[in-house]
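**Q** In terms of this note's numbering, the sequence shown opens at residue 108 and continues consecutively.
Backbone N, C-alpha and C define an ideal beta-carbon position, used for all residues, glycine too.
Only a predicted model underlies this, so the values are computations on that prediction, with no experimental measurement involved.
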Amino acid sequence: MRVLVLNGPNLNLLGQREPKVYGRHTLGEIESMLRDRAMRRGVDIEFRQSNAEGELVDWIQKAKGRFDSILLNAAAYTHTSVALRDAITATGVPVIEVHLSNIHAREEFRHKSLIAPVCVGQISGFGAFSYVLAFEASVNLNEP
Ligand code: DQA
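1) Relative to the C-alpha of Ala183, which residue among Gly130, Val205, Ile195 is closest?
2) Grouping DSSP H, G and I as helix and E and B as strand, with all else coil, what is Gln229?
3) Assuming contact is defined by CB atoms lying nearer than 8 Å, are Leu141 and Phe216 in contact in what I supplied?
4) Going by the DSSP bridge assignment, what does Arg144 pair with across the sheet?
5) Does the count of Cβ pairs from the region 120-135 and the region 192-202 closer than 8 Å reach three?
6) Just curious, the beta strand (DSSP E) that Asp175 is in, first and last residue?
7) Under the rule that 16 or more other beta-carbon atoms within 10 Å means buried, what is Leu111, buried or exposed?
8) Mind checking which residues open and close the alpha helix (DSSP H) that includes Glu243?
9) Ligand 1 and Ala235: does the residue's C-beta get closer than 7 Å to at least one heavy atom of that ligand?
10) Any contact between the region 222-242 and the region 162-182? By contact I mean 3 or more CB pairs, one from each, below 8 Å.
11) Taking the DSSP output, what are the residues bridged to Gln156?
Pasting the structure below:
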């Protein structure tokens, strides 16, 4: 089983970026946590981050036939990107939406996710542990 973890804009700043909202873990620490877990479960995992919408679209497109599922924290593009939504639909690889913060408990503009309707499900509000929950959900999708 192969899982791709995609992270959108400003998530490279985790650890120093609004720690009260996003916690103190860096993206590198989250990556190590998932790599450990993936290794124990015999899952291949790839981890990427970009601040550019088009690059995230390219990675989603290229995931077809190469990954069994995608964990996607699209960050701010969650609330704006028709392009990411269309890429998910076009590619057909199951996507699990991930957020560190609870987007529904924050500003109103964050309540709407353009990608939610085309994702398998959404995990939001558990800090770095959201990624662990999403990883477990992706394993369960493939080995129910
Ligand atoms: C986020 C929530 C988004 O609203 C925000 O723009 C982010 C991070 C989260 O993980 O909580 O950059 O996706």
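**A** Taking the structure as given:
1) Taking the first residue of the sequence shown as 1, we reach residue 183 at position 76. The shortest C-alpha separation from Ala183 is found at Val205.
2) Stepping through the sequence shown from its first residue, residue 229 is reached at position 122. Note: Gln229 maps to strand in three-state DSSP.
3) For the purposes of this step, residue 141 is taken as the residue at position 34 of the sequence shown. For the purposes of this step, residue 216 is taken as the residue at position 109 of the sequence shown. Cβ distance not < 8 Å, so Leu141 and Phe216 don't count as in contact.
4) Looking up residue 144 in the sequence shown gives position 37. Secondary-structure assignment with DSSP links Arg144 through no beta bridge to anything.
5) They do not touch, by the three-pair rule.
6) Here residue 175 is taken as the residue at index 68 of the sequence shown, counted from 1. Counting along the chain, Asp175 falls outside any beta strand (DSSP E), and DSSP gives it neither H nor E.
7) Numbered from 1 along the sequence shown, position 4 holds the residue referred to as residue 111. Leu111 should be labelled buried.
8) The sequence position of residue 243 within the sequence shown is 136, counting from 1. Counting along the chain, the alpha helix (DSSP H) containing Glu243 begins and ends at 236-249.
9) As a working note, residue 235 is residue 128 in the sequence shown. Checking every heavy atom of ligand 1 against the Cβ of Ala235, none is found closer than 7 Å.
10) Contact between the region 222-242 and the region 162-182 is present, because at least three Cβ pairs lie under 8 Å.
11) One-based indexing of the sequence shown puts residue 156 at position 49. Answer is Asn114.
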